[in-house]
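Heads up, the thing below is written out as structure tokens.
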Amino acid sequence: MARVFWFRRDLRLQDNIALNEAIDAAKQDGDGKVCGLYALNTDTFFDLSGIRQHSLVESLAALGATMAGKLVIRHGNIAQSVVAAAVASKTKTVHATRAFDPAGVAEQNEVGLALKAAGIHLQLGDSYYAVAPGSITKPDGGPYKVYTPFFNNWFRAGWSAPVALAEGFDWCEPLECQGRPKPTADSPFKVRAGEAFALETFEKFKKRALFDYDELRNRADLSGTSHLSHALAFGEIHPRTILADLADSPGHNVFRKEIAWREFYADVLWHNPQSVDQYYEPRFAKMAYDKGKTADAKLIAWQQGQTGYPMVDAGMRQLLATGWMHNRVRMIVASFLVKDLHLEWQQGAKWFEKNLSDFDPASNAHGWQWTAGCGTDASPYYRVFNPILQGYKFDPDGNYVRKYVPELAHIPGKAVHEPWLLVDGLIHGYPAPIVDHAVERDESLRRLEAIKVPKS
Ligand SMILES: Cc1cc2nc3c(=O)[nH]c(=O)nc-3n(C[C@H](O)[C@H](O)[C@H](O)COP(=O)(O)OP(=O)(O)OC[C@H]3O[C@@H](n4cnc5c(N)ncnc54)[C@H](O)[C@@H]3O)c2cc1C
């Protein structure tokens, strides 16, 4: 009897333990056939930016190609799609990788119930992580709230070696495949995705930047990071495959620690599912945030990279142009939204979700909450990033700003970080700062003071 494998955020064939389990079961059941399915949620897909839509289409195209075109894609309600594919292939078991984020858990619960009603079993296995969320706990059994002890324990726990795709099976002939979705928005950027591209990206990063990663990863103007976040978020590469290739050197060790941040945030979200869109530290919900027309206008200026702060605007425009933003710049723009514009972190996180091709529910929610000072192991709220000084430090020659903000391309060197100081700085239409950073910094600290818990 055939088995169905429901691909989710694990769009690859190699090092896919849940897929191998489906293959082994199909071989034991007799006919050795596995039907590969992707269920597209059309309610959410068309709300995404053009880059995100194209990027999923590329991922599906690449996956389909590695399956000799035998990937079935169904559109609409996910549970109905999975049940329909399972019934059409006459299977009694659907296999999938277990999700740990709230939406993924709700989705697999709904699919499990719908399948059960049709007399079919949903078999979940493995996870999108080297160490499954929830499996590393403090000695008292509670979840970790601080990264470093989590990391130490995570590293000690270790993970299994990568596994090759199991052999001796056939993909089913695709039944009632609706094909890849047609994006409704254009992508300004030529998106590349898929398992082969992920492995190629990793190989190039190992040669290009892994050795110096500890030194260069914060420089926005250099290509000092891996750019593997999309591949990790969509499971085109499993972290096991990456971790297995790391040695013991400063660059490798810091890179391993960044992979562990992804695992830490997944663990935190698993234990605190409400923190996907609510304050991890509830007292921050009581803080005063700006609302109304002026606040809405500031949000739009931030989204479009029109705040008048070059480093913030370069980041926001990099996001619109490429679907990705450098980590250091994500922190700068997030701090600016919350502490200079006094908007809520969820407003920024939603914009990131729409536009980031590496969108990941745990890393996004907790990257925002860390920067906003309301998350676990967070940067303290009173640490307000100065967008000008951050520019001088992490884009020292101004190349990053000039690349993404053409109205400032005429300004040489680091002077680009304060164009308002130059006679001709704003002549090409770049806006003056929409707020005064020094004033807003004090204002945000004043608002913090109002929610401080009095010392007993
Ligand atoms: C406000 C904010 C929002 C973010 N939203 C996301 C998101 O939606 N999806 C996402 O994958 N990352 C997110 N991050 C984390 C980080 O910015 C990206 O993972 C990183 O920039 C991706 O580039 P890279 O692959 O070149 O990273 P590298 O520096 O090469 O790191 C390798 C991998 O480690 C993981 N990683 C690195 N830094 C972090 C981190 N701080 N937190 C969690 N994982 C990390 C990523 O999977 C990354 O691909 C966010 C950070 C902030 C501050």
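Quick note: the sequence shown uses the working numbering, first residue 3, plus one each step. We treat Cβ as the ideally placed atom computed from N, Cα and C, and that holds for glycine.
Distance between residue j and residue i (C-alpha atoms, nearest Å)
i           : j           : result
residue 411 : residue 404 : 5 Å
residue 79  : residue 181 : 15 Å
residue 322 : residue 203 : 22 Å
residue 133 : residue 437 : 44 Å
residue 392 : residue 239 : 32 Å
residue 315 : residue 287 : 27 Å
residue 356 : residue 216 : 30 Å
residue 446 : residue 342 : 7 Å
residue 148 : residue 158 : 16 Å
residue 45  : residue 84  : 16 Å
residue 320 : residue 108 : 33 Å
residue 295 : residue 430 : 27 Å
residue 112 : residue 416 : 54 Å
residue 483 : residue 169 : Missing from the structure shown is residue 483; the chain here goes from 3 to 458 and no further.
residue 171 : residue 81  : 26 Å
residue 307 : residue 97  : 43 Å
residue 31  : residue 318 : 52 Å
residue 464 : residue 187 : Shown here, the chain extends from 3 to 458; a query on residue 464 therefore has no answer.
residue 154 : residue 261 : 13 Å
residue 94  : residue 50  : 34 Å
residue 334 : residue 23  : 43 Å
residue 20  : residue 101 : 12 Å
residue 228 : residue 114 : 36 Å
Reference residue i, options the options, closest by Cα
i           : options               : result
residue 362 : 268, 71 and 253       : 268
residue 224 : 254, 329 and 391      : 329
residue 179 : 375, 86, 29 and 295   : 86
residue 74  : 176, 22, 44 and 279   : 176
residue 64  : 103, 81 and 13        : 13
residue 62  : 141, 406 and 198      : 198
residue 297 : 109, 339 and 194      : 339
residue 265 : 331, 190 and 161      : 161
residue 38  : 106, 174 and 123      : 174
residue 72  : 101, 40 and 51        : 40
residue 106 : 126, 259 and 121      : 126
residue 124 : 250, 451 and 8        : 8
residue 310 : 439, 20 and 435       : 435
residue 131 : 234, 250 and 423      : 234
residue 279 : 249, 302, 377 and 255 : 377
residue 208 : 190, 185, 220 and 253 : 253
residue 406 : 156, 331 and 251      : 331
residue 263 : 122, 156 and 394      : 156
Cβ separation of residue i and residue j, assumed to be a contact under 8 Å, to the nearest whole Å
i           : j           : result
residue 99  : residue 129 : 7 Å
residue 360 : residue 304 : Not confirmed; about 20 Å, so no contact.
residue 36  : residue 88  : Their Cβ separation, rounded to whole angstroms, is 12 Å, which puts residue 36 and residue 88 out of contact at 8 Å.
residue 374 : residue 277 : Actually they do not touch by this definition, with Cβ atoms about 12 Å apart.
residue 54  : residue 236 : Not really, about 11 Å apart at Cβ, beyond 8 Å.
residue 226 : residue 214 : 7 Å
residue 42  : residue 76  : 7 Å
residue 193 : residue 60  : 5 Å
residue 289 : residue 390 : 25 Å between Cβ atoms; not a contact.
residue 449 : residue 386 : At roughly 12 Å, the Cβ-Cβ gap does not stay under 8 Å, so residue 449 and residue 386 are not in contact.
residue 285 : residue 455 : 7 Å
residue 257 : residue 212 : 6 Å
residue 52  : residue 185 : 6 Å
Contacting residues, own chain, Cβ-Cβ under 6 Å from residue i (five flanking each side not counted)
i           : result
residue 136 : 272
residue 1   : No statement about residue 1 is possible, as the shown extent of the chain runs from 3 to 458 and does not include it.
residue 353 : 305
residue 344 : 291 and 292
residue 152 : 146 and 266
Spatial neighbours of residue i in its chain, beta-carbon cut-off 7 Å, leaving aside the 5 residues before and after
i           : result
residue 370 : 336, 347, 350 and 351
residue 397 : 222, 223, 313 and 403
residue 418 : 312, 400, 403, 404 and 410
residue 139 : 145
residue 33  : 3 and 4
residue 91  : 4, 6, 37, 174 and 177
residue 28  : 4, 5, 34, 35, 36 and 171
Residue i - partner residues in DSSP beta bridges
i           : result
residue 348 : Paired residues: none, contrary to the question.
residue 99  : 127
residue 5   : 36
residue 76  : 41
residue 172 : 35
Own chain partners of residue i with C-beta closer than 8 Å, once the 5 adjacent residues on each side are dropped
i           : result
residue 166 : 16 and 17
residue 163 : 242 and 246
residue 421 : 312, 410, 413, 427, 428 and 432
residue 47  : 55, 58 and 183
Cβ of residue i within 8 Å of any chain C Cβ
i          : result
residue 54 : Included in the structure is just one protein chain, with no chain C present.
Any non-hydrogen atom of ligand 3 within 7 Å of residue i CB
i           : result
residue 234 : This structure does not include ligand 3; its bound ligands are ligand 1.
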